[in-house]
């Protein structure tokens, strides 16, 4: 068995610190989103009805000058992944839940976030003022 070198000890310590920091950031972001969420009129949550599964709370806000909205949806005419629709300035942002409970979007596909609200905010940050072009989902 190789001897524990200073380099290996520092690498292991850095990996532990990074993992702990990422876990804390995701947990605090999810708690902040849940604490500030208010039901959007006309949605099942505003009427006091719950979906059969745990669905993130609806939101409607202006973030960095862009209007972001999100709410649970039933299948209807479109097959929304995860049963949730997100819009940036009225254009649909395709979002999808991961198996671990995080969410991704077509704009930030390789950067999972805690909630659809966080996915919308990440998309606004990534777009840097550019218009969101609708994604033709099959």
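In my numbering, the protein residues as written are 2 to 139.
Ideal placement from N, C-alpha and C gives every residue a C-beta, glycine not left out.
Looking at the secondary structure, which residues open and close the beta strand (DSSP E) in which residue i lies?
i: residue 153; result: With the chain covering 2 to 139 only, the question about residue 153 has no answer from this structure.
i: residue 85; result: 85-89
i: residue 93; result: 92-94
i: residue 71; result: 67-73
i: residue 106; result: 104-106
Between which two residues does the alpha helix (DSSP H) holding residue i run?
i: residue 127; result: 117-128
Smallest Cα separation from residue i: which of the options?
i: residue 62; options: 95, 75, 87; result: 87
i: residue 128; options: 109, 59, 84; result: 109
i: residue 90; options: 8, 14, 7, 124; result: 124
Measure the beta-carbon distance from residue i to residue j and round it to whole angstroms, keeping in mind my assumption that it falls under 8 Å.
i: residue 85; j: residue 74; result: 7 Å
Determine the DSSP secondary structure at residue i, reduced to helix, strand or coil.
i: residue 78; result: Reliability fails at residue 78, whose pLDDT of 49 lies under 50, so the model's placement of it is uncertain and no value is given.
i: residue 132; result: coil
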